Amino acid sequence: MVSYNICMKYTDTIVACATPQGVGAIAIVRLSGTDSRVILEAIVTPHRGGVWRTRQVRYGHVMTHDGAVIDEVLAFWMRGPHSYTGEDVVEISCHGGSVATELVIARCIAAGARLANPGEFTMRAYAAGRIDLSQAEAVMDVIQAQTPQALAQAHQQLQGWLGTAVSELRHALLYELAAVIARIDFPDDVDEDVLDVSALQRVALQIEAYISTARAGALLRDGAQIALLGRPNVGKSSLLNALLRYDRALVSSVAGTTRDTIEEHADIAGVPVRFVDTAGIRAHTPDSVEQMGITRSRLIATQADLALVLIDGSQSLNDEDMLVIAARGTAPTLLVITKSDLPAHPAVATTLAPFRTSGQFVAEVTLSTITGSGLDELRCCIAATLQGAAPVNDRRISNTRHLDALKRAQIAVADAHAGASGQLAAELIAIDLQDGVNALGEITGQDVTEALLDVVFARFCIGK
Ligand SMILES: Nc1nc2c(ncn2[C@@H]2O[C@H](COP(=O)(O)OP(=O)(O)O)[C@@H](O)[C@H]2O)c(=O)[nH]1
Ligand SMILES: [Mg+2]
601 MVSYNICMKY TDTIVACATP QGVGAIAIVR LSGTDSRVIL EAIVTPHRGG VWRTRQVRYG
661 HVMTHDGAVI DEVLAFWMRG PHSYTGEDVV EISCHGGSVA TELVIARCIA AGARLANPGE
721 FTMRAYAAGR IDLSQAEAVM DVIQAQTPQA LAQAHQQLQG WLGTAVSELR HALLYELAAV
781 IARIDFPDDV DEDVLDVSAL QRVALQIEAY ISTARAGALL RDGAQIALLG RPNVGKSSLL
841 NALLRYDRAL VSSVAGTTRD TIEEHADIAG VPVRFVDTAG IRAHTPDSVE QMGITRSRLI
901 ATQADLALVL IDGSQSLNDE DMLVIAARGT APTLLVITKS DLPAHPAVAT TLAPFRTSGQ
961 FVAEVTLSTI TGSGLDELRC CIAATLQGAA PVNDRRISNT RHLDALKRAQ IAVADAHAGA
1021 SGQLAAELIA IDLQDGVNAL GEITGQDVTE ALLDVVFARF CIGK
């Protein structure tokens, strides 16, 4: 693993291709560091000659040492600190495809640059104080967003709301810590109850509020797995096809048609989801492959972020339906009554009544894949269950690293609060407050180890 040194003053100039590998119209080679401009001048011959002014795009050629043309390019440089990394940055747009790009990069290296590590441009932006660590992480979330709403959430974080919010809480804790330390250092001059308990409570409440957004935020960022569960022939594969709006899975009246799991991505009201159509769960089957499928269905049922339990509304429930209801895990479950175009069987309502009253299902939708009725309602229900009551592009915690740090801060604040109520020694309260300050500082990158930075930037691609 590449190791980053945050204390290092960067004296070298890095280069990388910022666009994906493969054939494309254009590839962008990016340089950052003190020598960027010198390297640009060394390798690109501008068509009209003259000087390179900052932020001026110029047309020219990258040449070999002996004057042969490597590529025709557009290039510019940006003077630091007003650039992505805070350093002098150069961008050279050359022709796409691997040969031209590699030769341009080779020329940059020959002129003094070195190949960048994954995420090193963003790392430099963070080290220069242009962005905090939560913003650096948001850069990758923007790139990897799967839906417009996930993109909006990533942009909120990129603009720095989380860093600002967390810094405010951290300052509030630092203020209390300073008061407690004053009490330790000057016990004769400072009151015993220097700690502002109501300030601690406000911090605790705010941390709790952020933590409560984390599940919805993570599902929007990473996507949610939704399991379609039901006994054979209830209409699982038909529902998958209807939700995807194309025939992905085979549909047949023969029970046991779907024997393996079928996964497909979709955008449900902005939430990126992965539907998993499963083999119908039943107690006995002579078919060993179908049995393997059923085992897999049971596993998916326990792992999913959301389960749809399908019940055929035109038939009375049987033991297999009960197996399905029992197979699901702890994830929220929606009850889906299928085949509403057929006459409803009167026994369905009576059999389901105890499940409805016990609140085992977070919601219920009746639908038909033949008429299409109930499908939009199901989409809304799925989105609402995954996102909770908050509007989709609201501010959320979306990163498990941030959630973990918030939870540690929460414990530290609770301990400090309990310590103050229990008249514990100021030294012990100070330790808890310091733990809270440090945990919050990990989110913004104010209190980080190099090992943590390695983990964060290992997620990045080269050139970002
Ligand atoms: N009338 C009616 N038949 C349906 C509906 N959905 C599925 N079916 C039929 O039920 C049978 C089983 O469907 P399928 O999707 O393969 O069920 P699976 O075994 O749960 O995947 C097929 O003959 C479908 O045409 C529906 O909404 N209405
Ligand atoms: Mg099927």
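Those letters in the sequence shown? Residues 601 to 1064, by my numbering. Note that CB positions come from ideal geometry on N, CA and C, so glycine has one too. Quick caveat: nothing in here was measured; it's all calculated off a predicted structure.
Asked                                                                                                                    : Found
Nonlocal neighbours in the same chain, by C-beta distance under 6 Å from Ala-842, ignoring five residues either side     : Thr-969, Leu-975
Rounded straight-line distance, which links the Cα of Leu-906 to that of Thr-857                                         : 23 Å
Distance cut-off 8 Å: Thr-857 Cβ against heavy atoms of ligand 1                                                         : yes
Proximal residues to Thr-611 (C-beta, below 7 Å), its chain only, five neighbours per side dropped                       : Thr-634
Residue of Thr-895, Pro-872, Val-876 minimising C-alpha distance to Arg-882                                              : Thr-895
Pair within 9 Å by beta-carbon distance, Glu-720 and Ala-618                                                             : no
Residues that Gln-825 bridges to, as DSSP identifies them                                                                : Arg-874
Beta-carbon spacing of Arg-821, Ala-745 below 9 Å                                                                        : yes
Unbroken beta strand (DSSP E) run spanning Val-854, endpoints                                                            : Taken as a continuous stretch (DSSP letters only), Val-854 belongs to no beta strand (DSSP E), as it is neither H nor E.
DSSP beta-bridge partners of Glu-672                                                                                     : His-661
Identity of the residues DSSP links to Asp-912 by a beta bridge                                                          : Thr-938
Coil, strand or helix - Ser-693 by DSSP                                                                                  : strand
Rounded C-alpha distance that separates Gln-735 from Phe-1060                                                            : 13 Å
Reduced DSSP secondary structure (H/G/I, E/B, other) of Cys-1061                                                         : coil
Residues of its chain near Gln-759, where Cβ-Cβ distance is below 7 Å and the 5 sequence neighbours each way are ignored : none
heavy atom of ligand 1 below 8 Å from Pro-832 C-beta                                                                     : yes
Residue from Phe-1057, Ser-916, Leu-844, Met-663 with nearest C-alpha to Glu-641                                         : Met-663
heavy atom of ligand 2 below 8 Å from Val-851 C-beta                                                                     : yes
Validate contact between the segment 900-920 and the segment 830-839 using beta carbons, cut 8 Å, 3 pairs                : yes
Coarse secondary structure for Arg-679, derived from DSSP in three states                                                : coil
Alpha-carbon to alpha-carbon, Ala-1051 and Thr-747                                                                       : 31 Å
Helix, strand or coil at Thr-957 [DSSP, three-state]                                                                     : helix
Any non-hydrogen atom of ligand 1 within 8 Å of Ile-970 CB                                                               : yes
Asp-877 beta carbon near ligand 1 (any heavy atom closer than 8 Å)                                                       : yes
4-residue-minimum alpha helix (DSSP H) runs that sit fully inside the segment 762-804, ordered along the chain           : none
Nearest candidate by alpha-carbon position, reference Arg-679, set Asp-671, Asn-717, Trp-761, Val-689                    : Val-689
Beta carbon proximity, Ala-675 to chain D, threshold 9 Å                                                                 : Judged by its chain identifiers, the structure shown contains no chain D, having just a single protein chain.
Limits of the beta strand (DSSP E) - the one that Val-615 falls within                                                   : 614-617
Identity of the residues DSSP links to Leu-820 by a beta bridge                                                          : In the DSSP output, where bridge partners are listed per residue, Leu-820 has none listed.
Stretch-stretch touch, CB-based, cutoff 8 Å, three pairs: the segment 770-778 with the segment 1030-1046                 : yes
Near ligand 1: Lys-836 beta-carbon under 8 Å from a heavy atom                                                           : yes
Span of the beta strand (DSSP E) around Arg-630                                                                          : 626-632
Val-1056 (DSSP reduced to helix, strand or coil)                                                                         : helix
Heavy atom of ligand 1 within 8 Å of Gly-893 beta-carbon                                                                 : no
Nearest-angstrom Cβ-Cβ length linking Val-766 and Ile-982, presumed shorter than 8 Å                                     : About 31 Å; that fails the 8 Å criterion.
DSSP-derived helix/strand/coil call for Pro-646                                                                          : strand
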